[in-house]
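>
In my numbering, the protein residues as written are 6 to 215.
#1: Which term fits residue 14, buried or exposed, when burial requires 16 or more other beta carbons within 10 angstroms of its beta carbon?
#2: For residue 181, count neighbouring C-beta atoms within 10 Å of its own C-beta (all shown protein chains included) and say buried if the count is 16 or more, exposed if not.
#3: Would you list, in sequence order, the uninterrupted alpha helix (DSSP H) runs of no fewer than 4 residues that lie entirely inside the region 107 to 187?
#4: Skipping 5 residues on each side, what residues in its chain have a beta carbon closer than 7 Å to that of residue 10?
#5: Does the region 125 to 136 come close enough to the region 151 to 167 to have 3 or more Cβ pairs within less than 8 Å?
#6: To the nearest angstrom, how far is the alpha carbon of residue 154 from that of residue 43?
#7: Are the region 67 to 76 and the region 95 to 105 in contact at 8 Å, needing three or more beta carbon pairs?
#8: What do you reckon, are the CB atoms on residue 146 and residue 159 nearer than 8 Å?
#9: Among residues of its own chain, excluding the 5 on either side of residue 177, which ones have a beta-carbon nearer than 6 Å to its beta-carbon?
#10: Relative to the alpha-carbon of residue 179, which residue among 171, 152, 208 has its alpha-carbon at the smallest distance?
#11: Using a threshold of 8 Å, state whether the C-beta atoms of residue 33 and residue 82 are closer than that.
#12: Name the two residues that bound the continuous alpha helix (DSSP H) containing residue 205.
#13: Rounded to whole angstroms, what's the CA-CA distance from residue 89 to residue 59? Just pull it up for me.
#14: Just verifying my parser: in three-state terms, what is the DSSP assignment at residue 54?
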């Protein structure tokens, strides 16, 4: 992923705060020689203090063979993306039809070392961490090895701890454009009011050049 200086996060806190509320991504794992990578969509819970993300998958998932062969993986998350029409990007004094269309988006890629979790008690603890992230209000019984209601289901899954070893983050929101163009993009997103337009507009306004 190409990251220009104007698209780079201001600090670790920026991408960590974004990742805390964008918890569905794709796990990419190298396949056997001659085969393409495996890519698995999944929910996960990221823990900044521990420097890891946790998730789980069904035991029959073909991803496991690839993870065990090469535990170096990438967890990729992309969201808050929109299409920007060319006329919105035309600089003052330039014909609107000469503006260049583009995409705006946020992306965080975590390079990780995958640790497979098979111990029933450890799997239960991992599941409770993940459910606690998505259901802070509670409402579900805790998982516990050998205990109802979920103990008997633990054998059907395997847990994954993704130890973060590197991060590439990008917030592509017209950072190199003039103030006039950024204001036009923000106004266009507000007027269009389509899917993700409000989120992208907030980034455009928030990431004003210093």
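A virtual CB, placed ideally from N, CA and C, is assigned to each residue, including glycine.
Quick look at the numbers:
#1: Buried, by the Cβ-count rule.
#2: By the 10 Å Cβ count, residue 181 comes out exposed.
#3: Here the runs fully enclosed are 125 to 139.
#4: If we look at residue 10 and ignore the five residues flanking it on each side, it has no Cβ neighbours.
#5: Contact between the region 125 to 136 and the region 151 to 167 is established, with three or more Cβ pairs separated by less than 8 Å.
#6: Residue 154 and residue 43 have their alpha carbons spaced roughly 32 Å apart.
#7: Touching, no, given that fewer than three Cβ pairs across the two stretches are closer than 8 Å.
#8: Here residue 146 is not near residue 159, since their CB atoms are 8 Å or more apart.
#9: Correct list, in chain order: 12, 109, 110.
#10: By alpha-carbon distance to residue 179, the top candidate from 171, 152, 208 is 208.
#11: Cβ atoms of residue 33 and residue 82: not closer than 8 Å.
#12: Residues 202 to 211.
#13: Taking the straight line joining both Cα atoms gives about 34 Å.
#14: In the structure shown, residue 54 sits in coil (DSSP, three-state: anything other than H, G, I, E or B).
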